[in-house]
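Engineer: The structure that follows is given in the form of structure tokens.
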Amino acid sequence: MANIKLSEDKVNTIKEIAKSFGNRAGEVINVLHQVQGKFGYLPAEVQEVVAHELNIPVSRVYGIVSFYSFFTMEPKGEHPIDVCLGTACYVRGAEKVLDAFARELNVEIGKCTADGKFSLNTLRCVGACGLAPVAMIGEKVYGRLTPDQIPAIIAEYK
Amino acid sequence: MAKYKMHILICGGTGCKSSNSLQIIENFKNILAEHNLTDDVQVIKTGCFGFCERGPIVKIMPDNTFYTQVKPEDARRIVEEHIIKGRKVPELLYTNPENKEHVSDSKHMDFYKKQIRIALRNCGFVDPENIEECISRGGYEALGKCLTEMTPEQVIAEMKASGLRGRGGAGFPTGLKWELCAKNKADQKYVICNADEGDPGAFMDRSILEGDPNSIVEAMAICGYAIGATKGLVYIRAEYPLAIERLKIAINQAREYGLLGTDIMGSGFDFDIELRYGAGAFVCGEETALIHSMEGQRGEPTLKPPFPAVSGYMGKPSNVNNVETFANVPVIITKGAAWFSSIGTEKSKGTKVFALAGQINNVGLIEVPMGITLREIIYEIGGGIKNGRQFKAVQTGGPSGGCLTAKHLDTAIDYDSLVAAGSMMGSGGMVVMDETSCMPAIAKFYLEFTCEESCGKCSPCRIGNKRLCEILEKITDGRGTMEDLTELRNLAAVIKDTALCGLGQTSPNPVLSTLDNFWDEYVEHVVDKKCRAGVCKKLMSYVIDREKCIGCGKCAKGCPVEAISRTEYTAPGHKLASMVIDSTKCIKCGACINNCKFGAISIH
Amino acid sequence: MTKVKSLADLKAMREKLQSNLDIREKAENPESLVQIKIAMATCGIAAGAKKVMEHMMTKADELGIAAVFTQTGCMGYCHAEPTLEVRVPGKDPIVFGHVDNNRADEILTKYVQNGELVEGIIPVNYETIDK
Amino acid sequence: MINLTIDNKAIQVPEGTTILKAARMNGIDIPTLCHFELDGMNFENKPGGCRVCVVEVKGRRNLAPACATDVMEGMEVLTHSARVINARKTVVELILSDHPNDCLQCEKNGDCELQSLTKRLGIKEIPFKGATSTYRKDSTLSVYRDMDKCVMCRRCETMCNKFQTAGALSGVNRGFQAVVAPAFEQNLGDSSCINCGQCVQVCPVGALTLVDNISDVLKAIADPTKKVIVQTAPAVRVALGEEFGMKPGEIVTGKMAAALRRLGFDQVYDTDWSADLTIMEEGTELLGRLKKALAGEEVKLPMFTSCCPAWVAFYEKNFPDLLEYPSTAKSPQGMFGAVAKNYLAPKLGVKREDLVVVSIMPCLAKKSELAREELSVNGNRDVDFSLTTRELAHMIRQCNLNLNDMPEEDFDSPLGQSTGAAVIFGATGGVMEAALRTAYEVHTGKKLPKIDFEETRGFQGIKEATIDFDGFPLKIAVAYSLGNARKIMEEVRNGNPNGYHFVEVMACPGGCIGGAGQPYHHGDSNIIRKRMEAIYREDAGKPIRKSHENPEVIAIYKEYYGEPCGHLSHEQLHTHYFDRSDKLEATK
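Chains as they are written, first to last, in this note's numbering: chain A, 7 to 164; chain B, 1023 to 1626; chain C, 3 to 133; chain D, 49 to 636.
So, in structure tokens, the structure goes:
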């Protein structure tokens, strides 16, 4: 079996988080939430440390990470873009907005731009249905979007 | 302490927050300070008012003035005109779309007229981060009443008599559910609040948690008392940071006030609540999946029985209700089952919160009595279809529901009538569609969602829904056959009949209901290869009218795939040769139409 | 902070806190309450309208009158400031002029509580302010 | 008792019975796919996921999974209504639509549960065309994974996590992409897999299969420069017959030896012989430790058996702190290899490199065991190839033989004679019983009053007993399934509260008779039971039933090894263990 290689401070961060949940196996999802909150994503080595600290098979951790859409093994861009594809947004044209982002950034959905600046993802309903279609860049919500607004919005972050 | 003479209520819900409502609050506070009015006027950040279409909302009390679409810079005018001089700011008032008159009082707005707010009673009224405001509205009195004046059996009897049914999906009677759990003896039981609202387009649970978290805390404690549980768990979506924060504040304040913890109100009853975070899995709305997720497992449903009431969280008897269901509980205890059951229809009592969305004028969150008609919701509360278009369908119940049409407009809505019409109540998403929505494409949209959210455990859902989706794709791509339509119906029926959990069993509903109600549209796609809504890209082509084209070339510049080139033909009266679209390259993104100022490009 | 130790405690706390929400509670149901609109434009404030309003609010509380106090702009009776309009449920609104603390008390005890007319009524010759 | 009707037939079954069982008790065989149960052996997989067993229950809105629905008073069940048959067929068609239909070339052709289900339901074409899920293929030395064929029955996952607690496999992803895989969909060999192969034994389709070494062996046999000898494990002889239509539990020792000769093996030996040798070494080691303990010396107790390679891999990966507890004795396969290459080769006049040792094992882990570094000299393995019972059956058929027609023949000498004690190695508790027979007599110097130790027999997951060793109460435990072994190891970690002296562990259900290389039992636990009965029958019929009385074993000590646990045997017959756990290694 493999040796897990990760920088010491990262290992310590994970250890502390696991400890704050009493190193209980049942808390694995809460631990993963916090760890992802710290690192932005959950690469394999991080999952191995989590498994190690909670004394559960790493296959179980990966089974969880690959099940829940909130968890990601892909690093996020400096400005993560999330386009809402909830029904309210969909019927008001969210797909076209998503296409426009993908075109403008030349990036696949779920991936990060080559320069690491933007990542493009979709999500289901941020609950701002009154503003549909909606996209979020970082914490900021953009509502009532049309495809032609996208270049200008991207330009804000360049 | 000086008494405030006026209150300014500002919506701090996610929708309005997204439109800068926090800045509006800041500005109000600063400007009031400038005018030395800090002691006279109180600024309160509330939960959602429901009228999200016109957010951010600012409400001035006591004259009940309802300002809509307020921008941060409007704060000054509201203070200097309305607060100081008593003159309302007409431009910010809601305008009745029919007679163009300003309506200042929300009570007179059509949006609110037909609503009865029980679950949302405190939303947009109190400061959700201040338990005292909740207490002064009678909060926790229902809990007090239960603990001091009622036995657990009486609480359950009251819940049963109220006729309250679960607001999260299938509508199981809440009192009965509590009773089943109460009957099981165990050293530990759990009250679980399902706040993992995953239905895209429904956000009532989030609004309640953001606007009135104390009502959930109180209701869970009541449930705990009734079933004999001392622990409560809220399973809440991690995507709801504001709701999480408000709920945490409410729980902490309730502990400080002795309304959670040990020996609550001197009754000897102990109860406390912890949070568990969901991580983005729609299937975790199913209670067994939710419980597995809380235990740190993949959120896969398991077979029932055993029901959670027998073996739930950590194998202990557990009672799972969703947020909206809990929100009704304190009111039922305070006002009585008889009062509650006087609202609604014979088998569906009380009210239901709907998230009204889609191609409708008044998008928002509404609470209406069971038995209201779709027509009332869409045309009175919702203010009709956007841009004066024609109503086509309304989708209720999200991915588990179906599409209803004009023929259902006068059906009284309740759990049973929706099921009879091929849809379901679900969590209460209500998406209105006009003629620009293509029904096979809508069915495909929902199936894509189900495929993405299927846990993969049972074959009908894992593979069957994928195949349904593929057949729908064939149809919307113009490759469908009449046999496909037959196969679609049979497969949908089998999935409904054989899938393991509620998600799978209801996933074909969007297909079956659109097949039933929009058969002609399917046939058009299959036989005529036509999409009347102009949605299905593969059934469309973009064409430039060479007589209208002036040859400016803007379309070609904006084309992302260089599908547009210049012809050698110059139309009479124009100086430049006209443009042409290579349909083999065209991705039908519509950019050229947006760029053409001369109306020369059209879709066929 | 005091913990809630019993249902009685909770109810007492509610009593104490309730008035903080009065403004909102009453605004929800103004038709069933006495509505008092006080002109609070520059002229009104100059004539002491603000003090009168505060006094009247306290008095109404004392007398147990469920009333909603609203500020309005100038009613156009600058000669008679402070002015206020009183609308008792089921009756037409009446405007009073030259209201000081004493007259305010009278309005509450005589007109609002007993339906007796009080001096200083300004004849109605205007439409309600909102419209 | 509950009264109900199934297909209009009134029946009565005990409360708590599932519809599936109630139907089967009454001769109605509802088809299943994901459901898998080893009755009385601690293994049940009942996710209710495949939906093949759905039936119609009157009054119920949708169809009910028979495997997971308990009967209720007055229930009316229909197992073959038009609605049920349409649904069942559609479900299987769906599964087939995401399955590579390459049955003819599939390892499981003829043994596949999906294949027989398809035939049984009369499915002639698959109406659904669409995407199929494809995955990287992957293999260890024992297990081959082709997840394109996976039907998500989750049997392997349950086996790996609940029964063995190896934790190598988990359900990953979701929806159409859902599959069972190691973490990060990495190679199984890089995971915590211990190669027990039980995932292969329970897989209904060809998603998990063994690594086939038949061609390696055929090549060796065909090579004139090689002398190819074979050893056969105790559990093989009570199961091989099943592959040739014999009843479970038929003993085919003599026919098997005859078949092996006809296949072209130069010598046909018996792993039972080295099982007796194992008892000499392991028994001596146990007595040594006990003596030290009684003398107040620091010594690791309990001692664990070390014959099962999956178990060895398991403690190396999970209990690196307890590596000194298991016996250092090699497994019988390993001992045989060492004896063959060191002692026998010169005797037969061949170089070590030219002697090819093949083992026939009920086991997949043996394929991995033989690759352990300590089991080879200068890169030449003590055992070159290990075939399973199933592979041997294939080979016999491939070579135009029929086991039924074989005469009874004996093993070759000198590594062919064995005792009843060796035979019972094949069943859980057997190694323990064999060791007790020898250790008792060696320790006490007295004849055993009763050879059979009933307390170590049977299918209980953990058996405990105290054996009177002439006044010394020897505390023993026997476990099968590594989940049970984990419980005992954790106890030992916490100070061995039960005071065990000796513990036997086997990974597979019922011991080696339920091994992953045995003919597929498809969840019929009676097959395993019959094999166990055969094992004890064979033991009872042996003229010699104690390892230390095996003349060929006595002879080799006299001639070659000197004494058990002596210098030479330590060098050749004992091994050592390595910490193979995941380690946290922080970098700067």
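Built from N, CA and C at the ideal position, the CB exists for glycine as well. Treat the numbers as computed from the prediction; the structure is a model and nothing was measured.
1. In or out: B:W1361 buried (at least 16 other Cβ within 10 Å) or exposed?
2. Put B:F1293 into one of helix, strand or coil per three-state DSSP.
3. Is the separation between the beta-carbon of B:S1600 and that of B:R1568 shorter than 9 Å?
4. Have a look at the DSSP bridge pairing and note the partners of B:Q1417.
5. Run down chain B in chain order and give the residues with a C-beta less than 9 Å from the C-beta of C:I25.
6. Would you please state the rounded distance, in angstroms, between the beta carbons of D:C241 and D:T188? I believe it to be under 8 Å.
7. The beta strand (DSSP E) that contains B:T1373, what's its start and end?
8. Could you spell out the range, first to last residue, of the alpha helix (DSSP H) harbouring B:V1351?
9. Measure from the C-beta of A:E102 to each C-beta in chain B and report whether the shortest distance is under 9 Å.
10. Which whole-angstrom value describes the C-beta separation of D:S181 and D:Q225, a residue pair presumed to lie in contact below a C-beta threshold of 8 Å?
11. What does B:A1303 reach in chain E if we use C-beta pairs closer than 9 Å?
12. Please list the partners that A:C23 has in chain B, where partner means a Cβ-to-Cβ separation under 9 Å.
13. Alpha helix (DSSP H) containing C:K18: first to last residue?
14. Would a C-beta distance cut-off of 9 Å place B:P1327 and D:D264 closer than the cut-off?
15. To the nearest angstrom, report how far apart B:P1235 and D:R202 are at their CA atoms.
16. Interface residues of chain B around D:C98 at Cβ under 8 Å?
17. Considering only residues of the same chain and omitting the five flanking positions on each side of B:E1309, which have a CB-CB separation below 6 Å?
18. What first and last residue would you give for the alpha helix (DSSP H) that runs through D:M512?
19. Please list the partners that B:P1630 has in chain A, where partner means a Cβ-to-Cβ separation under 7 Å.
20. Alpha carbon to alpha carbon, how far is B:A1260 from A:F77? Give it in angstroms, no decimals.
21. Using a beta-carbon distance below 9 Å, is B:N1344 in contact with chain D?
22. Quick one: is A:I70 near chain B, going by C-beta distance under 9 Å?
23. Does C:Q115 have its Cβ less than 9 Å from a Cβ in chain B?
24. With a threshold of 7 Å on Cβ separation, who are the neighbours of D:L236 within its own chain once the five nearest residues in sequence on each side are excluded?
25. Mind pulling the chain A residues with CB within less than 7 Å of B:C1074?
26. Quick check on DSSP: helix, strand or coil for B:I1625?
27. Could you list which residues in chain B have their beta carbon closer than 9 Å to that of A:R28, in chain order?
28. Listing by chain order, which chain B residues have their CB less than 7 Å from the CB of C:V6?
29. Mind listing the chain B neighbours of C:M15? Cutoff is C-beta to C-beta under 7 Å, in chain order.
30. Alpha carbon to alpha carbon, what distance is there between B:I1047 and C:E118?
31. Can you give the beta carbon distance from D:L451 to D:F313, rounded, assuming they're within the 8 Å contact cut?
32. Of all the residues that make up the region 1182-1202 of chain B, which are near chain C by a beta-carbon distance shorter than 7 Å?
33. Could you tell me the distance, in whole angstroms, from the CA atom of D:L423 to the CA atom of D:I277?
34. In angstroms, rounded to a whole number, what distance separates the CA positions of D:Y363 and D:L371?
35. Which residues of chain D have a Cβ atom closer than 9 Å to the Cβ of B:S1476, listed in chain order?
36. What's the gap between the Cα of D:L258 and the Cα of D:A306?
Structural biologist: Per the coordinate set shown:
1. With fewer than 16 other beta carbons inside 10 angstroms of its own, B:W1361 counts as exposed.
2. Reduced to three states, the DSSP call for B:F1293 is strand.
3. It is a contact, given that the beta carbons lie within the stated cut-off.
4. B:C1425 and B:V1453, per the DSSP bridge assignment.
5. Simply K1025, Y1026, K1027, M1028, H1029, Q1064, M1083 and P1084.
6. The pair is a contact, with the Cβ atoms about 6 Å apart (cut-off 8 Å).
7. Residues T1373 to G1380.
8. Element bounds for B:V1351: V1345 to K1357.
9. Residue identity check: residue 102 of chain A is Lys in the sequence provided, not Glu. At least one chain B Cβ lies under 9 Å of A:K102.
10. With 8 Å as the limit, D:S181 and D:Q225 qualify as a contact, their Cβ atoms being about 7 Å apart.
11. Note that chain E does not occur in the displayed structure, where the protein chains are A, B, C and D.
12. Reading off the sequence, residue 23 of chain A comes out as Ile, not Cys. Near A:I23 there are no residues of chain B at all, since even the closest Cβ is about 14 Å away, more than 9 Å.
13. L9 to E30 is the extent of the alpha helix (DSSP H) around C:K18.
14. Note that the C-beta distance between B:P1327 and D:D264 is not below 9 Å.
15. Straight across, the Cα-Cα distance linking B:P1235 with D:R202 is about 41 Å.
16. Against chain B, a Cβ distance below 8 Å from D:C98 picks out C1480 and S1481.
17. These residues qualify, in order along the chain: P1330 and V1342.
18. Checking the sequence, you will find Glu at residue 512 of chain D rather than Met. First-last for D:E512: I510 to F517, but that is the beta strand (DSSP E), not the alpha helix (DSSP H).
19. For chain B, the structure presents residues 1023 to 1626; residue 1630 of chain B sits outside this window and is missing.
20. Between A:F77 and B:A1260, the C-alpha separation is close to 11 Å.
21. B:N1344 does not count as touching chain D.
22. Yes - at least one Cβ of chain B is within 9 Å of the one on A:I70.
23. Taking Cβ atoms only, chain B never reaches closer than 9 Å to C:Q115, which makes this a no.
24. Excluding residues within five positions, the ones whose Cβ falls inside 7 Å are D186, T188, V191, R193, A216 and P230.
25. Residues of chain A passing the Cβ test: C135 and G136.
26. Residue state for B:I1625 is assigned as strand, using DSSP reduced to three classes.
27. It is worth fixing the name first, because residue 28 of chain A is Gly in this sequence and not Arg. What A:G28 touches in chain B: nothing, since even the nearest Cβ is about 12 Å away.
28. Chain B residues near C:V6: Y1279, G1280, L1281 and M1287.
29. Simply I1157.
30. Pairing C:E118 with B:I1047, the inter-Cα distance amounts to about 44 Å.
31. A Cβ-Cβ distance of about 15 Å is found for the pair D:L451 and D:F313, leaving them out of contact under the 8 Å criterion.
32. Those would be none; no residue qualifies.
33. So the alpha carbons of these two residues sit roughly 17 Å apart.
34. One C-alpha to the other measures close to 7 Å.
35. Per Cβ cutoff of 9 Å: R222, G223, F224 and A226.
36. Between D:L258 and D:A306, the C-alpha separation is close to 25 Å.
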